[in-house]
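Asks:
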Amino acid sequence: MLWRCSWVKQRRKILNALSFSSIDGQFSPKARETGEFSRRVALKPLTHDDVYSRLRESPSDLKTLSFFFWCAKQNNYFHDDRAFDHMVGVVEKLARRYKSVDRVVEELRLSGCAIKPRVLLLLLEIFWRGHLYDKAIEVYKGMSSFGYVPNTRAMNMMMDVLFKYDLVDRALEVFEGIRVRNFFSFDIALSHLCSRRDSVKVKIVLKMMIREGFYPNSERFGQILGVFCRTGCVAQGFQVVALMVCSGVSVSVNVWSMLVSGFFRSGEPQKAVDLFNKMIQIGCSPNLVTYTSLLKGFMDLGMVDEAFSVLSRVQSKGLAPDIVLCNVMIHTFTRLGRFQEARNVFTSLKKRKLVADRYTFASVVSSVCLSREFDLLPSFADGIGTELDLVTGNSLINCFSKSGHGSYALKVFCNMSNKDLALDCYTYTGFLTALCLGGAPARDAVGIYEKIIRKKIRLDAHFHTAMIDGLVEVGEYNTALRLFNRCILEKYPLDVVSYTVAIKGLVRAKRIDEACSVLSKMREAGVMPNRRTYRTIISGLCEEKEKDKVKKILWECIEEGVELDPNTKFKVLCLLSRYHRDVSEFRSVFEKWTYNFDVSGSCDELSVSSG
DNA sequence: ATAGGGTTAG
C-alpha cells in the first residue's frame, strides 16, 4: 500500500534513528514491570535489528507476539516492515492453532499480556499486512466487543479490507463513520473508487477531502483525472487539473493527453483540438500518446480526413509508431473497409521491430472476419490453445462462428470457460450464434439461453437479439416471437436491431399486421426504426401487395428522414407504379429517388464501409 | 492500479 510510504514512515525512521527509545527503555518504571523482556532488552537501546533477531529467536509464537507488543509499547519505538512481515507468519500459525482470533487474544491474556486497544490495533495491522482479511475483520469486530472504539487507523484498514472484498457500501459506511478522517482515509477511499472507475463517488470523496483541508498526492491526482476523462466527466477533469496546479503538482504531457482523449470521449473534438494547440503554445510538446488519442478521437467521430492528417503529422515529426498506434491504425483501416492497408500495417510490424500483442490479434481477427477472408482462419486456429484473454477470445468465437467453423468457436468457448475468465455478453452471444449456426436443435439452444439469463450477469440487447435471430433463421418463428415478447415483458434491453429481427420473423411468418404493430410499438418505446427496419417491413408489405400499408409506412419513413436502400425503392416503385394516383402522390419523392439512382448506385457499399 | 489501443447482432 502506498500510503504507508509517506511522511508517517519518515517520522518513524527519524525518531528511531534518534534512539529516544533507549532512554525511555532504561528509565521507565513501566518497562521494568514487563518482566523478562525488559530485563533483557531495556538495558540496551532498542534497535530494529535487535528486535528482529529476538523475534526470530523466540521459542514460542505467543511469546513472540507478546514481545512484539511490548516493543511497540515502548515510547517512540515503531516496528519496521521487516518485523511486521515476520509477525505475519507468526500470527498465521497462532490463528490456525487456536481457530479463532478471540481464542488467540484469550491465550495472550492468559500468558500475561495485557489486552489493550493498542494490542488489538497491532494485531489488526499484522493480519491486514499479511492479506489475512477475514482475520482482520475478526479483530475489528472483537474491538467493539472489548468495548474499544476503533480509531481512525483501524477504520482506515477496515475500509480498505471491505473495498478489497468488493463490499463498497460497507466500506463507505466505515468511511463515513470515521470521526476524524486523516489523509489516508481519503487516499484509500479514492484509490479504490478510482480503480472501480466510480466517478460519481470519486467526485463526492474528493470534494470532502478538499473541504477538510487535504490534497491528493500527484499519483492519486493522475488517477482521479484518468477516471474523469475516461467516464465522460472531462469538465470535472479540467477542474482537477486546476486543483493540481494549485497544489503544485506539475502538469505533464500525460495530463494533456488524458484531457485530449477525454474531450473526444465526451464528443467535443473542437475542445480537444483547442487544448492540443494550447499545449504546443505553452511549450509542452505532444508525444505519440497524444497523437494516438487524437487519431482515435477523430476516427470515432467519423472525422476521417482529420484522422489521416494526424498520421501525416506523426510521420513528418519523424516519430516511429509504437504497437499501440499500429493497433489503432489496423483498427482504423478495418473500419473503413480498407482491409489490405490494415493487413499492410500488420505485416509491417516485424520491420518496425514491434511485437504484436493481444490487441493486435483481436483487431486482426475482426478485420479478417469483416473482410470475409475466411481462408486466413486456419492460421488463427493455432491461437485457440494459447493464452486467450476475454476480448481476443470473444473476437475469435465471433469470427469462427460466422465463418461456419462452429466447432472451433465452441473449442474457444470451452477453453475460455476453463480459464476462469469472467465471461461476458460478447462471449455468450458468440456462443449462442455458434450453436444456432451449427445446427443445434432450437429447444437446446433456448435451454442454454435461459440458463445464461439465470446467471444474472449483465446481458445486453445483442445477446437477446442473437437468440431471437437464430430462431428466426431456422424458421422457428413462434418460439422466436415468444422470446421477443418475454424480453419486452421482463424489460430486457432491446434496441433497433432486436425490433427489426422480430419484424423479420413476423414478415417471414406472414403475420404482416403484427409486424406493423411491432413497428409502432418500438416507436412508443422510444426506439426509432432505421433503414434496415424499413427495408424489412416494406419488402414484406410489397411481397404481400399491401399497397395501403406500404404507403402509410413510406410516409412515416420519409417524415423521419430515413433514406431507403435502392433495392427497397425499386420494390416500392414496382408496386405503386401500377396505380396512377399513388404515383402522383409520391411524384416528388420518386423523382428524387431516380435522380439518386443515376448519381450513385453504390449506396450499399458506402454503408458497409462506414460500419 | 496502467496517459493512448482490441471483440458483437439484422
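With positions in the first sequence counted from 1, the corresponding number in this note's numbering is that position plus 147.
Glycine included, every Cβ here is placed at the ideal spot set by N, Cα and C.
1. Could you give the C-beta distance for residue 662 and residue 687, rounded to a whole number, given that I count them as a contact under 8 Å?
2. Please report the Cβ distance between residue 397 and residue 437, rounded to the nearest whole angstrom; I am assuming they are in contact, meaning their Cβ atoms lie under 8 Å.
3. Is the beta carbon of residue 387 closer than 9 Å to that of residue 353?
4. Roughly how many angstroms lie between the CA atoms of residue 500 and residue 490, to the nearest whole one?
5. Work out the CA separation of residue 376 and residue 234 for me, nearest whole Å.
6. Mind listing, in chain order, the continuous alpha helix (DSSP H) runs of no fewer than 4 residues lying wholly within the segment 470 to 533?
7. With a 10 Å radius around its C-beta and 16 neighbouring C-beta atoms as the bar for buried, classify residue 380 as buried or exposed.
8. Are there three or more Cβ pairs, one per stretch, closer than 8 Å when the segment 589 to 599 is compared with the segment 557 to 564?
9. Counting only the same chain and skipping the five closest in sequence on each side, list residues whose C-beta sits under 6 Å from that of residue 691.
10. In terms of residue numbering, what span does the alpha helix (DSSP H) encompassing residue 236 cover?
11. Identify whether residue 299 lies in helix, strand or coil by the three-state DSSP scheme.
12. Would you give the residue range spanned by the alpha helix (DSSP H) that residue 386 belongs to?
13. Measure the alpha-carbon distance for residue 669 versus residue 617 and round it to whole angstroms.
14. At a cut of 8 Å, does the segment 632 to 650 reach the segment 672 to 686 through at least three beta carbon pairs?
15. Considering only C-alpha positions, which residue in the set 654, 391, 509 is nearest to residue 365?
16. What is the DSSP secondary structure of residue 431, reduced to helix, strand or coil?
17. Whose C-beta lies closer than 7 Å to the C-beta of residue 394 among residues of the same chain, with five residues either side of it excluded?
18. So residue 304 packs on residue 283, CB below 8 Å; how close in whole Å?
19. For residue 374 versus residue 407, is the C-beta distance shorter than 9 Å?
20. Rounded to whole angstroms, what is the Cα-Cα separation between residue 606 and residue 734?
21. Buried or exposed: where does residue 714 fall if 16 or more other Cβ atoms within 10 Å of its Cβ makes it buried?
22. What do you reckon, are the CB atoms on residue 275 and residue 308 nearer than 9 Å?
23. Any contact of the segment 422 to 431 with the segment 462 to 481, i.e. 3+ C-beta pairs under 8 Å?
24. Can you check whether the CB of residue 481 is closer than 9 Å to the CB of residue 518?
25. Scan the segment 397 to 432 and note each continuous alpha helix (DSSP H) run of 4 residues or more that stays entirely inside, going in chain order.
26. What separation, rounded to the nearest whole angstrom, lies between the Cα atoms of residue 724 and residue 456?
27. DSSP three-state label for residue 565, please.
28. Give, in chain order, every unbroken run of the alpha helix (DSSP H) that is at least 4 residues long and sits entirely within the segment 612 to 662.
29. Can you tell me whether residue 494 is buried or exposed? The criterion is at least 16 other CB atoms within 10 Å of its CB, across all chains shown.
30. In the structure shown, what three-state DSSP assignment does residue 103 receive?
31. Let's test the definition: count the other Cβ atoms within 10 Å of the Cβ of residue 738 and tell me whether it reaches 16, buried, or not, exposed.
32. What span of residues does the alpha helix (DSSP H) with residue 549 cover, start to end?
33. Reducing DSSP to helix, strand and coil, say where residue 445 ends up.
34. Would you report the Cα separation of residue 450 and residue 229, rounded to the nearest angstrom?
Replies: Inspection of the coordinates gives the following:
1. 6 Å
2. That belief does not hold up - the Cβ atoms of residue 397 and residue 437 are roughly 16 Å apart, past 8 Å.
3. yes
4. 16 Å
5. 42 Å
6. 470 to 482, 486 to 495, 505 to 517, 525 to 528
7. buried
8. Cβ pair count under 8 Å is below three, so no.
9. 659
10. Run containing residue 236: 228 to 245, per the alpha helix (DSSP H) assignment.
11. helix
12. Looking at the DSSP string, the run of the alpha helix (DSSP H) that includes residue 386 is 381 to 393.
13. 21 Å
14. yes
15. 391
16. Secondary structure of residue 431 (DSSP, three-state): coil.
17. 362
18. 7 Å
19. no
20. 46 Å
21. exposed
22. For residue 275 and residue 308, yes; Cβs fall inside 9 Å.
23. no
24. yes
25. 400 to 412, 416 to 428
26. 48 Å
27. In the displayed model, residue 565 falls within coil according to three-state DSSP, outside both helix and strand.
28. 624 to 636, 643 to 655
29. exposed
30. Because the chain is modelled from 148 through 758, residue 103 falls outside the range shown and cannot be assessed.
31. It counts as exposed.
32. 537 to 549
33. helix
34. Residue 450 and residue 229: Cα-Cα distance of roughly 57 Å.
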